[in-house]
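For reference, the structure is listed below as structure tokens.
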Amino acid sequence: MKVESAKLKKFIQEAGLIDFDKFEKAVQESEKSKKAIGEVLVSEGLISEKELIKIEAYILGIPFINLEEEIIPLDILKIIPESIARAHNIVAFNKKENTLEVAMLDPEDLRTIDFIRKITPALKILARLTTPEGIKNVLAQYQETLETEFGGIMKGGPDGIKHIKEEESSGDKKEELEKAAEEVSIIRVVDTLLKHAILQRASDVHVEPLEKEVVIRYRVDGILHDVISLPINTASGIVARIKVLSNLKLDEHRLPQDGRFKIETDDFKYSVRVSVLPVLNGEKIVMRLLAEDNKVYTLEDLGFIGASLEKVRHSLLKTTGMVLITGPTGSGKTTTLYAMMGIVNTPNVNISTVEDPIEYRMPRINQTQINDKIELTFASGLRALMRQDPNIIMVGEIRDGETADLAVNAALTGHLVLSTLHTTEAGGAIPRLVDMGTEPFLLSSTLNVIIGQRLVRKFHGEKEKYKLKPADIENLEKYCDMERIISLLKQEKILKPKDTIKNIELYRPKPSKNSASGYKGRIGIFEVLAVNDAIKSLINQKASTTEITKQAIQDGMRTMAEDGFIKAAMGLTSIEEVLRVIMD
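Here the sequence shown stands for residues -5 to 578, where the numbers follow the working numbering.
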């Protein structure tokens, strides 16, 4: 499918979809690079790929269908064999009487449509245009369920699980463990666990040996779920297989080990971080899955809104100083760092990073992976970066006083430093750095902004509306000032000027066939502490977290609870979900 560049240009200009000056620059870049104008518009972030495809569908007179969230009935899906669907990016999604609707990336691929007609002679084929993400979503549905796949593996025979005797599984013979790790059935078990973890969008896979079984759990959208229990006699083989993949010591069962490996198919590419920990019944394994081809999000995509968004953008316009992101493990700090680097990543600056691990690969950014085994730490890596003439430095995490001192010195000597810190709230970052040995007067001279964040699950599909009862209001007042909440909701025009607390509309999730919990995906709730003169004075006085936070609120900072309440009132999430993460 091709849309002539001239037609695309004319349509976009007439519709006024893109600022005229930005569009003209994109046209010049298209002519210079010999790339299609649509490709340039997407790469420059002036239009999304989905919007571009919708425009092309309109120009070509072909209906567009969005399949990115759709679940297709199995009987319709399998009308087109999986091999054909994958090879030609075509899927069946709707069948009515004698018509079959199929979605494609190229509805002008007449040869493929003719082939589908031949295998479905009784049906009239109606071609529709969709997105690559829509095709990917539907192709994933060809996969069998986890239980079905394991049912086949567990049947025994040549492809079944080899039953390892209890005394063999607890032995230290390296040769036996190597043999177990290479069993076809064990390889299939581990591959299946990883494949379904990716299909279910899991961030972590937990392999937990109990007395009589091995429990497999996936963390999806921050919540752990049991997915399947396997016989205990599979434990040694699974652990050995993962150790082999991670290049860990097979015969070491008494000490914790950390490793990593990569998995790659035509559909995805992931880096897997592995942690092995001795427990009472054997060895527990946690595998963290990091998609290497993830897109870099914008600050708006992550959930920054209003004054908080403006404060962060303003801090990134500065050429020196520090921007810190705080929160517990798994709160999305690194993703926020990458979104910031996406903003400052221009041809006239040199950006260098020290990370563990490198979660996203970004063009024009010099990314360094730390390696403790060869003493390439955050501190040593940062020290080396200072000799690389960087304008902007990203340090994955400030873990110790040496790294903190180096980061502060880098900010003092004319660099913009982006980093993360493990504290529960934005105001706690300053006492934490002082405890690490950083001088308060240096912090007050370098800190630009501190961001505290958590991730809450987003509604998916329908939701149920309700209003607060007196008991609900009494409970909420324990966590936030309701009078202040009402004022903020009026500022955001969610409430009218004369509305009261009784007018606030909130929502609860509605489970559906597409989402058993009523949630899918996550969005951030934030507090953005801008370091002004009042905060600098408190830093120099070595003020407590409480004093710093109180002053920041007086200066207009919204707390995470308040930001979460606003997003709940906007219908993005539930107030129960906000309370769950801020109470953690």
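Ideal Cβ placement from N, Cα and C applies to all residues, glycine included.
| Query | Result |
| --- | --- |
| Which listed residue (LEU284, GLU286, ALA285, LYS305) has its alpha carbon closest to that of GLU294 | LYS305 |
| CA-to-CA distance, TYR354 to LEU361, given in whole angstroms | In the sequence under discussion, the amino acid at residue 361 is Gln, which differs from the Leu named in the question. Answer to the nearest angstrom: the Cα atoms are 10 Å apart. |
| Coarse secondary structure for VAL290, derived from DSSP in three states | coil |
| Per-residue DSSP class, three states only, for ASP475 | coil |
| Cβ neighbours of LEU462 in the same chain (closer than 8 Å, five flanking residues each side left out) | LEU470, ILE495, LYS496, ILE498, LEU500 |
| Which residues DSSP lists as bridging SER509, in chain order | SER506 |
| Whole-angstrom distance between ARG574 and GLY216, CA atom to CA atom | 11 Å |
| C-beta atoms of GLU556 and ARG478 nearer than 8 Å | yes |
| Cβ distance (whole Å) where ILE74 is taken to contact ILE84 below 8 Å | 6 Å |
| CA nearest to the CA of TYR513, picked from TYR212, PHE453, LEU99 | PHE453 |
| Limits of the beta strand (DSSP E) - the one that ASP527 falls within | Run containing ASP527: none in the beta strand (DSSP E); it sits in the alpha helix (DSSP H), 527 to 534. |
| Touching by the beta-carbon criterion (3+ pairs, under 8 Å), the region 379 to 388 and the region 419 to 426 | no |
| Which residues DSSP lists as bridging SER197, in chain order | The partner list for SER197 (beta bridge, DSSP) is empty, contrary to what the question assumes. |
| Burial state of ASP185 (16 or more Cβ within 10 Å) | exposed |
| Alpha carbon of LEU441 to alpha carbon of GLN545, nearest angstrom | 16 Å |
| Reference GLY390; option with closest CA among PHE435, GLY431, MET335 | MET335 |
| Within 8 Å, strictly: CB atoms of VAL348 and GLY326 | no |
| 8 Å Cβ cutoff met for LEU61 and ILE41 | no |
| Three-state secondary structure assigned by DSSP to GLY150 | Caution is warranted here: a pLDDT of 49 is assigned to GLY150, below 50, making its placement in the model unreliable, and no coordinate value can be reported. |
| Same chain only: Cβ atoms within 6 Å of ILE488, ignoring 5 sequence neighbours per side | ALA563 |
| Beta-carbon contacts of ILE119 that lie in its chain and below 7 Å, excluding the five residues immediately before and after | LEU94, VAL96, ILE107, ILE110, ARG111 |
| Per-residue DSSP class, three states only, for ALA555 | helix |
| Alpha carbon of GLU570 to alpha carbon of SER509, nearest angstrom | 18 Å |
| Nearest neighbour of LYS168, chosen from THR539, VAL238, PRO503, LEU218 [CA to CA] | VAL238 |
| For SER302, the nearest candidate out of ARG182, PHE262, GLU486 (CA to CA) | GLU486 |
| At least 3 beta-carbon pairs within less than 8 Å: the region 270 to 277 vs the region 236 to 251 | yes |
| Cutoff 7 Å; reference ASP13; Cβ partners in own chain excluding five residues on either side | none |
| Collapsed DSSP secondary structure at TYR332 in the structure displayed | helix |
| LYS327 - DSSP class collapsed to helix/strand/coil | helix |
| Residue ranges of each beta strand (DSSP E) within the region 291 to 322, 3 or longer | 315 to 320 |
| Cβ pair count under 8 Å reaching 3, the region 309 to 319 against the region 363 to 378 | no |
| Residues near GLY515 by beta carbon distance below 6 Å, same chain, minus five either side | LYS452 |
| Separation of PRO67 from ILE547, as counted between CA atoms | 51 Å |
| Cβ pair GLY231, GLU177 closer than 8 Å | yes |
| Identified DSSP bridge partners for PRO75 | None, per the DSSP bridge assignment. |
| Every unbroken beta strand (DSSP E) inside the region 341 to 390 [3 residues or more] | 345 to 349, 359 to 363, 386 to 389 |
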